[in-house]
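Protein chains in written order, with the working numbering: chain A, 93 to 189; chain B, 31 to 116; chain C, 35 to 288; chain D, 2 to 271.
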């Protein structure tokens, strides 16, 4: 692991990697869907006149979508051991070859 | 050979499906008259106008997409091989 | 790993010291497979699956049968489930985007302008309208052998009967259309005829002279069949042959 | 799966010793907390195991065995048409059973405020306008039937053009033709049920078709259509054919068809 220009890379145990993948994807999907639902409700599916838009609700929707994306992006830094981030850096030796 | 066929078929069926649905919505005034080819209503919203453009483009994509992969690409390969061998 | 015969020659620089890989030496592909990220995981999964498969086979009483075909389970069914669940989604898509029509209620006293069955019966309906082909027999003094309608029903029986006896006419190991251009072109002829006869069944709605339409109904299919035959023959002679050479080597056509 | 507890990784200790930023630490700790309570990963691991089990027993595919063009997978959809028509049949059966709760095959005067509407027509209209999801349900039934018919036709073409009907599969080809015909009869009887103009005049065509059969025409028309002009007996018979007789017959024939395919294997695809 280390900080290079491609971003931080944290190696975690396999079981933890599964949890990270499952729960962050779940959270991301649910919050993005809820975000769109909230946005739709606030703007009456995009048909409301600008002054009728429920600003707080719309902001909540955008926030939920952003949060979902953020969690998904953040979770991508965790990797199981042996998973190289890109093919070029796959030169490290391994003990099962 | 097979992949070109499948790509052409995919374009034909995919674009054809979208065309069929949109034509069912916008170009089928009634069951008794002309279906899928009727005149679209004149008082369309902007969404409807965009859908009409999409409808037309899907129709031509279905035809030319299939033609491109079934005729164009194999023909191009043949010609290329011929030119290369000379 | 290290081979004693070669380790002492390590300093050779003329190229003769290169040891040819034996069965134990992993290839570059294998090395790559085993060392990096996802491919390493894949490799481990394969190992695990191979091992579990072996265990299952050893403890199973399943007897492999000598069937020259593709197993339905698990191959075909898993593949089909994946593909057809997508297709079933398409049914739902169509059902929600293009709901069906409910016409005016039945009214025996008012003949509608369109009398047609559903589309899949058009071909049969077209065969019923083949009255003009019903031969007038000179022996019967110009009378028709059977009523036009009966003639149509017989035409249906002939078509279905011909399709039914196809396996008894066409035998052998040929599978692909290029291997059997004749039968493939017969098939093309049949498909095109199904289309033209369907169009003929709607003759009152087609802006064409009905005699011309009848002629076209029977002229277009043989033309299409001939084109298909020519194309398939050419393909067989040409580049498809190269592609299939390996296949022909494995299973020479009878 | 086994009741034994899997040896869990000591995540908390690992989190302490690992050099993580506070955000990462919080993130991982939250997920570990969730994981300990919801155990979703365990269920996914069950699926994972199942996947390897199934995958494992896969014999070499035909393409691997004969080292054919690896582009072959583009043709798989054509090979799935037979199974697809079975699935469309199942979809049609389920939606049809639901529609059957609300439909009534009677040509008596109906309650809908339309000139000449029968009970059958009114119940279809009620399904489409009053019943929750009824409009979609009828649409689904209709489309599943249409798509099944189309899939059956295309399946026959696939079998024809790949020579899959050849020996030893002649019997299955003939059973397939029977199934194709029964599918069309299924479609035809269903087409008549709403008892609108199209249905009535399609019924008229059917009566004329059976009348034109030599010798037994009138008898067939009486048996199938209950008379020489479509009416209540026709509707009743079509209904019984569509929801009682044909489902049993077609399901049985499909079972035989599939059983033969299962025993003989898929004709080697190329």
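Each residue gets a CB set at the ideal place from its N, CA and C atoms; glycine is no exception. Please read these numbers as outputs of a predicted model, since none were measured by experiment.
- Contact between the segment 160-167 of chain D and the segment 209-218 of chain D is absent, with fewer than three C-beta pairs closer than 8 Å.
- In this structure, residue 202 of chain D and residue 146 of chain C form a Cβ contact; the two beta carbons are roughly 6 Å apart against a cut-off of 8 Å.
- The residues 120 and 124, in chain order, have a CB closer than 6 Å to that of residue 105 of chain D in the same chain once the five nearest residues on each side in sequence are set aside.
- Here residue 142 of chain D is buried. Its C-beta has 16 or more other C-beta atoms within 10 Å.
- Look at the segment 191-209 of chain C: it has no residue with a C-beta under 8 Å from a C-beta of chain B.
- Residue contact check for residue 61 of chain B against chain C: a CB pair falls below 7 Å.
- Not a single CB atom of chain C sits nearer than 7 Å to the CB of residue 103 of chain B.
- Looking from the CA of residue 30 of chain D, the closest CA among A:149, A:142, A:167 and A:147 belongs to A:167.
- Collapsing the DSSP output to three states places residue 131 of chain D in coil.
- In this structure, the CA atom of residue 262 of chain C is about 14 Å from the CA atom of residue 227 of chain C.
- Among the residues facing chain D, residue 168 of chain A is not included, as its CB has no counterpart in that chain under 7 Å away.
- Of the other Cβ atoms in all chains shown, 16 or more fall within 10 Å of the Cβ of residue 242 of chain D; this residue is therefore buried.
- Classified as exposed, residue 133 of chain D has fewer than 16 neighbouring CB atoms from the shown chains inside 10 Å of its CB.
- With a cutoff of 7 Å on beta-carbon distance, residue 99 of chain B and residue 57 of chain B are scored as not near each other.
- Contact check for residue 246 of chain C against residue 234 of chain C fails: the beta carbons are separated by 7 Å or more.
- When secondary structure is reduced to three states using DSSP, residue 139 of chain A falls in the coil class, being assigned neither helix nor strand.
- The beta carbons of residue 266 of chain D and residue 231 of chain D sit no closer together than 7 Å.
- The residue from D:190, D:85 and D:112 with its alpha-carbon nearest to that of residue 152 of chain C is D:190.
- For residue 107 of chain B, the uninterrupted alpha helix (DSSP H) segment begins and ends at 103-115.
- About 18 Å separates the CB atoms of residue 163 of chain A and residue 131 of chain A; that is not less than 8 Å, and the two are not in contact.
- When secondary structure is reduced to three states using DSSP, residue 170 of chain A falls in the strand class.
- Spatial neighbours of residue 149 of chain D in its own chain (CB-CB distance under 7 Å, excluding positions within 5 residues in sequence) are listed in chain order as 86, 89, 90, 93 and 184.
- Within the DSSP secondary-structure output, residue 117 of chain A pairs in no beta bridge.
- Secondary structure note for residue 186 of chain D: its alpha helix (DSSP H) is the uninterrupted segment 171-193.
- Membership of residue 26 of chain D in the alpha helix (DSSP H) is indicated by the continuous run 23-39.
- For residue 19 of chain D, there is no enclosing alpha helix (DSSP H), as DSSP gives it neither H nor E.
- In this structure, residue 169 of chain A lies away from residue 104 of chain A, with their beta-carbon atoms at least 7 Å apart.
- Within a 10 Å sphere around the beta-carbon of residue 12 of chain D sit 16 or more other beta-carbons, which makes this residue buried.
- Residue 234 of chain D is not bridged by DSSP to any residue.
- Taken through DSSP and simplified to helix, strand or coil, residue 100 of chain A comes out as strand.
- Residue 110 of chain C and residue 261 of chain D have their C-alpha atoms spaced approximately 14 Å apart.
- Between the C-alpha atoms of residue 240 of chain D and residue 194 of chain D there is a straight-line separation of about 7 Å.
- Shown here, residue 114 of chain D sits in coil according to DSSP, grouped into three states, outside any helix or strand.
- With a 10 Å radius around the Cβ and a threshold of 16 neighbouring Cβ atoms, residue 139 of chain A comes out exposed.
- In chain order, 127, 128, 131 and 132 make up the part of chain C whose C-beta sits under 9 Å from the C-beta of residue 51 of chain B.
- Contact between residue 197 of chain C and residue 178 of chain D holds: their C-beta atoms lie close to 6 Å from each other, under 8 Å.
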